[in-house]
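A.B. asks:
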Amino acid sequence: MSALGKNMMLLLAGAVLLMVAPAFIVSKFYIDVLTLIFFTAYLGQSWNILGGYAGQFSFGGVMFFGTGAYASSILLTTFGVPPIIGIVVAIFAGALLGFIVGFMSFRSGLKGSYFALITLAFAELLRVLANSVEFTGGGVGLFLKYAPGLSNLQFETPTGFYYFALLLLFISIAIALWLERSRFGAQLVAIRENEDAAEALGINTLRCKIYAIMIMGAMGGAAGTFYAQKYLYLDPPIAYSIHLSVEMLLVTIVGGMGTVFGPLIGAFVLHVVNEIARHFIDTPGLSLIVYGFILIIIISYLPNGLIGMFKKKLKQTDASALDKLKSDQGDGNA
Amino acid sequence: MLPAAIINGLMFGAIYALVALGLTLIYGVLHIINFAHGAMLMLSLYAAFFLFQLANIDPYLSIAIVTPAAFIFGYLIYRYGIGVLSKGKDQNILLITLGLSIIIENSALFFFSGDQQTVSLSYSFEAFDLGFMYLSYPKVISFVAALVICALLWALMSLTDMGRAIRAVAKERQGARLVGINVEHIFAVTFGIGIACLGAAGCMMLPIFYVDPYTGNIFVLVAFTIVVLGGMGSIIGALLGGFIIGITESVGGLLLGESLGQIGISLIFILILIFKPTGLFGSKV
Amino acid sequence: MLNVSGVTKRFGGLTAVSSVDLNVQEGEIVSLIGPNGAGKTTLFAMVAGFLKCDEGQVTFDQVSINGMKPHQISKLGMVRTFQITQPFAGLTTLENIMVGAYSNTSDSEVAREKAEKVAETVGMKSLLSQGADGLTVAGRKRLELARALATDPKLLLLDEVMAGLNPTEIDEIVAVIKSIRATGVTIFLIEHVMKAVMNLSDRTYVLNDGKLIASGTPSTVAEDPQVIEAYLGHGAAEAMVAKS
Numbered sequence: 001m002s003a004l005g006k007n008m009m010l011l012l013a014g015a016v017l018l019m020v021a022p023a024f025i026v027s028k029f030y031i032d033v034l035t036l037i038f039f040t041a042y043l044g045q046s047w048n049i050l051g052g053y054a055g056q057f058s059f060g061g062v063m064f065f066g067t068g069a070y071a072s073s074i075l076l077t078t079f080g081v082p083p084i085i086g087i088v089v090a091i092f093a094g095a096l097l098g099f100i101v102g103f104m105s106f107r108s109g110l111k112g113s114y115f116a117l118i119t120l121a122f123a124e125l126l127r128v129l130a131n132s133v134e135f136t137g138g139g140v141g142l143f144l145k146y147a148p149g150l151s152n153l154q155f156e157t158p159t160g161f162y163y164f165a166l167l168l169l170f171i172s173i174a175i176a177l178w179l180e181r182s183r184f185g186a187q188l189v190a191i192r193e194n195e196d197a198a199e200a201l202g203i204n205t206l207r208c209k210i211y212a213i214m215i216m217g218a219m220g221g222a223a224g225t226f227y228a229q230k231y232l233y234l235d236p237p238i239a240y241s242i243h244l245s246v247e248m249l250l251v252t253i254v255g256g257m258g259t260v261f262g263p264l265i266g267a268f269v270l271h272v273v274n275e276i277a278r279h280f281i282d283t284p285g286l287s288l289i290v291y292g293f294i295l296i297i298i299i300s301y302l303p304n305g306l307i308g309m310f311k312k313k314l315k316q317t318d319a320s321a322l323d324k325l326k327s328d329q330g331d332g333n334a
Numbered sequence: 001m002l003p004a005a006i007i008n009g010l011m012f013g014a015i016y017a018l019v020a021l022g023l024t025l026i027y028g029v030l031h032i033i034n035f036a037h038g039a040m041l042m043l044s045l046y047a048a049f050f051l052f053q054l055a056n057i058d059p060y061l062s063i064a065i066v067t068p069a070a071f072i073f074g075y076l077i078y079r080y081g082i083g084v085l086s087k088g089k090d091q092n093i094l095l096i097t098l099g100l101s102i103i104i105e106n107s108a109l110f111f112f113s114g115d116q117q118t119v120s121l122s123y124s125f126e127a128f129d130l131g132f133m134y135l136s137y138p139k140v141i142s143f144v145a146a147l148v149i150c151a152l153l154w155a156l157m158s159l160t161d162m163g164r165a166i167r168a169v170a171k172e173r174q175g176a177r178l179v180g181i182n183v184e185h186i187f188a189v190t191f192g193i194g195i196a197c198l199g200a201a202g203c204m205m206l207p208i209f210y211v212d213p214y215t216g217n218i219f220v221l222v223a224f225t226i227v228v229l230g231g232m233g234s235i236i237g238a239l240l241g242g243f244i245i246g247i248t249e250s251v252g253g254l255l256l257g258e259s260l261g262q263i264g265i266s267l268i269f270i271l272i273l274i275f276k277p278t279g280l281f282g283s284k285v
Numbered sequence: 001m002l003n004v005s006g007v008t009k010r011f012g013g014l015t016a017v018s019s020v021d022l023n024v025q026e027g028e029i030v031s032l033i034g035p036n037g038a039g040k041t042t043l044f045a046m047v048a049g050f051l052k053c054d055e056g057q058v059t060f061d062q063v064s065i066n067g068m069k070p071h072q073i074s075k076l077g078m079v080r081t082f083q084i085t086q087p088f089a090g091l092t093t094l095e096n097i098m099v100g101a102y103s104n105t106s107d108s109e110v111a112r113e114k115a116e117k118v119a120e121t122v123g124m125k126s127l128l129s130q131g132a133d134g135l136t137v138a139g140r141k142r143l144e145l146a147r148a149l150a151t152d153p154k155l156l157l158l159d160e161v162m163a164g165l166n167p168t169e170i171d172e173i174v175a176v177i178k179s180i181r182a183t184g185v186t187i188f189l190i191e192h193v194m195k196a197v198m199n200l201s202d203r204t205y206v207l208n209d210g211k212l213i214a215s216g217t218p219s220t221v222a223e224d225p226q227v228i229e230a231y232l233g234h235g236a237a238e239a240m241v242a243k244s
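Protein chains in written order, with this note's numbering: chain W, 1 to 334; chain F, 1 to 285; chain D, 1 to 244.
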């Protein structure tokens, strides 16, 4: 209990630190970088729920982001619905898309690489659709008006978006913390570890996986509105970019799948790498080359990510203490 | 218009088939999905492009250079890269080849810039007159060359000792190991052959297409669609799937317009995976 | 409690289970024995909903469970274990058992207490924080049992929980199974090793080549010539009769 309390205190301290940080960071650039880190971490967390906790990797996670972005943006440009309502619609749109994709793929038993690829195909399908129909602005894209205000979820200063992104980040961490402690989270992990055994223990694996992808979708939908209101422009290649799909899984895998803080740590590390790479050679592609190597190295040598490396050390000390305890008691019973 | 679209689709379909053949061969034998397939195709397009640009070698003649080079590249990258790093886990390989495709794609961007490159051959604009359409020489040459390479691959697989060894490994890897076949070597050879298909395909594609660092992205889903359509691991399936997708694409473009026409590929991919995941011709290599 | 009638399963041309009838009454320990490849695990998979029956009916507590999903059957109170143990490898023993305990509660504290209690029943109390991937074969078998038990089943389907164990470990797990029955759980178990179930089960069915060839108390079944043949090969029964 005291350990839990201590963790809670650390968590709160970190949260407070991030909340007051803008008061001490003068540079708009760093505020923007942090905003982007929070945003990526948030998207990574959405991927983590389905990929990290439930073990279902998706290569098309961007589809929820894009659909949410279009939902609130079209509502705004066509019907004048303020984004603060639009974001709610975006959340529902993302969840609905999650339901459709999840129901179709999981019901037909797709898993592993096949599930990853079918999500890629869904994202591609939506990109082509968005490019072809009128109401998304087609290939020309949608331009949003600059009109700062809370109801528009637009802010005059980078600090405003910083707090918006921070709020999203807090929500995503709260969701992950809930998963860590709840029955639903345990069921997702059970599915990841062994689907047959989970089913035998009474877990409705299909339903759990669909719920997980719906949460992912809802989170992605909100991210879409955030992006659209921050950058005020949307077109199909942005909305359904494979690069964002990859970034979501990349930050999570690098930080640690199935952990609360993996996506945040991954997003932080990768953005730092990105800034450093840009500092030395400002040529497009370089930081992504580095990302590619990082991904391969992590997959091959640190399957539990950076957090896993840290935890392993803790576990080793734990285990040796346990061994000692066992030998003291002379308990060889296995 | 429709017959012209179908013929154009067939022309491209043969090259698609070759690309998919490499992918399906790798899947059929190694049971892995090479997500970097598109990126490697892009590399061979660049290889053909630079051979033309710097040494003035006709892309169709480059086949003789790029194909073996691609084989060696594929062999090495599997033997000392993917094979070692993946530790045999399916999702690991998917992610490692994803990492590989990110590296390849962005290295191309880094070194070659993002500009689209095309080649113009002396015969680029000459064409056969079929009465209802003109069919450019390069399209016809590519079509024929793709079919020839497919035939050669078939011969390699069914008539040579190496082909027999590959099929033995595909069928029963433990058994193959027991009778003394070096399975790791065969895996790498198979991967090399799969990439060699891309080398040939890249050379044939260059005169009728363009290359930029993102070209691979266009073809990765196409190749996967062909492979699941034809049945993972089926060579005949890849051939027929290539033609079906080539025609679907060009006819879809004709009927639905350039933009929406692309929808056919992802739609077919999704529908096949959901309703008939064994594909239309679900036989093994 | 469990009623299986005319259940058949074919794989291609091969009939793995052929028109099997059997039943398990409340409070019993019933065993299903037979040589390797007799179709025992296939039958179990059908009863637990992991495979569809080609023919026949399975009812549990008077409810037809044909076509039900495994998790639905599990929720009804019939829970299986796996012959090839299927631990949640990345989790600890406690977390593994808690997944079972969550079957009846969404409160993690309640689930934890339940899991600890079950761990005590099966003798895994000292292994609670151990990673499941580090358990011995015997440990994994117990974990299978514990996870299933944590769901508060009415009927436990145990698939070869004794296979791969040494005699001491078998004695221990037999004692555990008996104590589980004493708490009112009915048990239906598959065993390959006949001897192990002799003093454990009230009744025994014998499956060979997909067909039931004998049933009754363990001692009568053990003397059945057909059974002896199935186990020891053709001609064995006559040989034994001739000897005696």
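Just so it is clear, CB atoms sit at the ideal spot from N, CA and C, and this is done for glycine as well.
1) Taking all protein chains shown into account, decide if D/T220 is buried (16 or more other Cβ within 10 angstroms of its Cβ) or exposed.
2) Taking the CB atoms as reference points, tell me whether D/G39 and D/V7 lie closer together than 8 angstroms.
3) Taking only three categories from DSSP, how would you classify F/Y214?
4) Which word fits W/L325, buried or exposed, when buried means at least 16 other C-beta atoms lie within 10 angstroms of its C-beta?
5) I need the DSSP call for F/A36, collapsed to helix, strand or coil.
6) Cβ closer than 7 angstroms: which chain W residues qualify as neighbours of F/L109?
7) For the segment 44-80 of chain F, which segments carrying the alpha helix (DSSP H) assignment without a break, of at least 4 residues, lie completely within its bounds, in sequence order?
8) According to a CB-to-CB cut-off of less than 7 angstroms, which residues of the segment 150-166 of chain D neighbour chain W?
9) Which chain W residues sit within Cβ distance under 8 angstroms of F/I263?
10) Return the chain-ordered ranges of every beta strand (DSSP E) run that is complete within the segment 68-139 of chain D and spans a minimum of 3 residues.
11) What is the DSSP secondary structure of D/Y205, counted as helix, strand or coil?
12) If we count the other Cβ atoms within 10 Å of its Cβ and call it buried at 16 or more, is W/M1 buried or exposed?
13) Could you spell out the range, first to last residue, of the beta strand (DSSP E) harbouring F/F128?
14) So W/Q187 contacts chain D; which residues on that side make the cut at Cβ distance below 8 angstroms?
15) For D/L155, write down the residues that DSSP places opposite it in a beta bridge.
16) What separation, rounded to the nearest whole angstrom, lies between the Cα atoms of D/G216 and D/F188?
17) Report the residue from D/C53, D/I33, D/D224, D/E95 whose alpha carbon sits nearest the alpha carbon of D/E116.
18) What are the boundary residues of the beta strand (DSSP E) that W/G221 is part of?
19) With 7 angstroms as the limit, tell me which residues of the segment 19-34 of chain W have their beta carbon closer than that to any beta carbon of chain F; keep them in chain order.
20) For W/W47, does the count of other Cβ atoms within 10 angstroms reach 16, so buried, or fall short, so exposed?
21) Measure from the C-beta of D/S244 to each C-beta in chain W and report whether the shortest distance is under 8 angstroms.
22) Please confirm if F/S283 has its CB atom under 8 angstroms from at least one CB of chain W.
23) Exposed or buried, which one is F/P3 when buried takes at least 16 other CB atoms within 10 Å?
24) F/A223 and F/G38 - do their beta-carbons sit closer together than 8 angstroms?
25) Given a limit of 9 angstroms on CB to CB distance, which residues of the segment 210-228 of chain F reach chain W?
26) Taking the C-alpha atoms as reference points, what is the distance between W/G224 and W/G68?
27) How many Å lie between F/I193 and F/L121 at the Cα?
28) Taking 8 angstroms as the CB-CB limit, is F/G114 close to chain W?
29) Since I believe D/L157 is in contact with D/F44 (beta carbons under 8 angstroms), could you give me their beta-carbon distance rounded to a whole number of angstroms?
30) If you drop the 5 nearest sequence neighbours on each side, which residues of the same chain put their C-beta closer than 8 angstroms to that of W/S172?
31) W/F57 versus chain F: which residues are under 9 angstroms apart at the beta carbon?
32) If F/L206 sits next to F/V119, beta carbons under 8 angstroms apart, how far is it from one beta carbon to the other, in whole angstroms?
33) Should D/A214 and D/D224 be called a contact, given that it needs their Cβ atoms to be closer than 8 angstroms?
34) Please report the straight-line C-alpha distance between W/S132 and F/V179, rounded to a whole angstrom.
35) Would W/I118 count as contacting chain D if we go by Cβ distances under 8 angstroms?
36) Rounded to whole angstroms, what's the CA-CA distance from W/G332 to W/K311? Just pull it up for me.
C.D. replies: Let's see:
1) Within the third sequence, the letter at position 220 stands for residue 220 of chain D. Counting Cβ neighbours within 10 Å, D/T220 comes out exposed, since fewer than 16 surround it.
2) As a working note, residue 39 of chain D is residue 39 in the third sequence. As a working note, residue 7 of chain D is residue 7 in the third sequence. It is not a contact, given that the beta carbons lie outside the stated cut-off.
3) Counting from one through the second sequence, the residue named residue 214 of chain F turns up at place 214. DSSP places F/Y214 in coil when its eight states are reduced to three.
4) Locating residue 325 of chain W in the first sequence gives position 325, where the first residue counts as 1. Bear in mind that the predicted position of W/L325 carries a pLDDT of just 48, short of 50, making it unreliable; the figure below should be weighed with that in mind. It counts as exposed.
5) Position 36 of the second sequence, counting from 1, holds the residue named residue 36 of chain F. Three-state result, F/A36: coil.
6) Start at 1 with the first residue of the second sequence, and residue 109 of chain F comes out as number 109. Within chain W, the residues near F/L109 are P284, G285.
7) 59-77
8) T151
9) Here residue 263 of chain F is taken as the residue at index 263 of the second sequence, counted from 1. By Cβ distance, chain W contributes L125, V128, L129, S132.
10) 78-80
11) Residue mapping note: residue 205 of chain D aligns to position 205 of the third sequence, counting from 1. It is a strand residue.
12) As a first step, residue 1 of chain W must be located in the first sequence, where it is residue number 1. Residue placement at W/M1 cannot be trusted, given a pLDDT of 49 that sits under 50; what the coordinates show is reported in the next sentence. Label assigned to W/M1: exposed.
13) Taking the second sequence and counting its residues from 1, one reaches residue 128 of chain F at position 128. That run of the beta strand (DSSP E) goes 127-129.
14) Counting from one through the first sequence, the residue named residue 187 of chain W turns up at place 187. Under the 8 angstroms cutoff, chain D gives V99, Y102.
15) Translated into positions along the third sequence, residue 155 of chain D becomes position 155. DSSP output for D/L155 lists D/M78, D/T186 as bridge partner(s).
16) In the third sequence, counting from the first residue as 1, residue 216 of chain D sits at position 216. In the third sequence, counting from the first residue as 1, residue 188 of chain D sits at position 188. Using only the alpha carbons, I get a separation of about 14 angstroms.
17) One-based indexing of the third sequence puts residue 116 of chain D at position 116. The residue with the shortest Cα to Cα distance from D/E116 is D/E95.
18) Against the first sequence, residue 221 of chain W aligns to sequence position 221. Counting along the chain, W/G221 falls outside any beta strand (DSSP E), though it belongs to the alpha helix (DSSP H) covering 205-231.
19) none
20) For the purposes of this step, residue 47 of chain W is identified with residue 47 of the first sequence, where counting begins at 1. Label assigned to W/W47: buried.
21) Stepping through the third sequence from its first residue, residue 244 of chain D is reached at position 244. Below a pLDDT of 50, predicted positions are generally treated as unreliable, and D/S244, at 48, falls in that range; the measurement from the model is reported next regardless. For D/S244, the answer is no, since every Cβ of chain W falls outside 8 angstroms of its Cβ.
22) Counting from one through the second sequence, the residue named residue 283 of chain F turns up at place 283. With a pLDDT of 46 at F/S283, under the threshold of 50, the predicted position of this residue should be treated as unreliable, though the coordinate-derived value follows. Taking Cβ atoms only, chain W never reaches closer than 8 angstroms to F/S283, which makes this a no.
23) Along the second sequence, read from residue 1 onward, the residue named residue 3 of chain F stands at position 3. The residue is exposed, with fewer than 16 neighbouring Cβ atoms inside 10 Å.
24) For the purposes of this step, residue 38 of chain F is identified with residue 38 of the second sequence, where counting begins at 1. For the purposes of this step, residue 223 of chain F is identified with residue 223 of the second sequence, where counting begins at 1. Contact: yes.
25) P213, N217, V220, L221, F224, T225, V228
26) Numbered from 1 along the first sequence, position 224 holds the residue referred to as residue 224 of chain W. Numbered from 1 along the first sequence, position 68 holds the residue referred to as residue 68 of chain W. Rounded to whole angstroms, W/G224 to W/G68 spans 5 angstroms at the Cα level.
27) Locating residue 193 of chain F in the second sequence gives position 193, where the first residue counts as 1. Locating residue 121 of chain F in the second sequence gives position 121, where the first residue counts as 1. Taking the straight line joining both Cα atoms gives about 28 angstroms.
28) Taking the second sequence and counting its residues from 1, one reaches residue 114 of chain F at position 114. Interface residue, yes.
29) Residue numbering aside, residue 44 of chain D sits at position 44 when the third sequence is read from its first letter. Residue numbering aside, residue 157 of chain D sits at position 157 when the third sequence is read from its first letter. Rounded, the Cβ-Cβ distance is 6 angstroms, consistent with contact.
30) Start at 1 with the first residue of the first sequence, and residue 172 of chain W comes out as number 172. Once the five neighbours on either side are set aside, the close Cβ partners of W/S172 are A41, Y42, Q45, S46, M219, P263.
31) Locating residue 57 of chain W in the first sequence gives position 57, counting from the first residue. Going along chain F in sequence order, the residues near W/F57 (Cβ under 9 angstroms) are Q91, L94, L95.
32) Here residue 206 of chain F refers to the residue found at position 206 when the second sequence is read from its first residue. Here residue 119 of chain F refers to the residue found at position 119 when the second sequence is read from its first residue. At roughly 6 angstroms, the Cβ-Cβ gap stays under 8 angstroms, so F/L206 and F/V119 are in contact.
33) Sequence index remark: in the third sequence, residue 214 of chain D carries index 214 (1-based). Sequence index remark: in the third sequence, residue 224 of chain D carries index 224 (1-based). Their beta carbons are under 8 angstroms apart, which means D/A214 touches D/D224 by this criterion.
34) Within the first sequence, residue 132 of chain W is the residue found at index 132, counting from 1. Within the second sequence, residue 179 of chain F is the residue found at index 179, counting from 1. Approximately 56 angstroms between the Cα atoms of the pair.
35) Locating residue 118 of chain W in the first sequence gives position 118, where the first residue counts as 1. For W/I118, the answer is no, since every Cβ of chain D falls outside 8 angstroms of its Cβ.
36) The residue you call residue 332 of chain W lines up with position 332 of the first sequence. The residue you call residue 311 of chain W lines up with position 311 of the first sequence. In this prediction, W/G332 has a pLDDT of 37, which is less than 50 and means its spatial position is unreliable; what the coordinates show is noted afterwards. Going by the C-alpha atoms only, they are around 26 angstroms apart.
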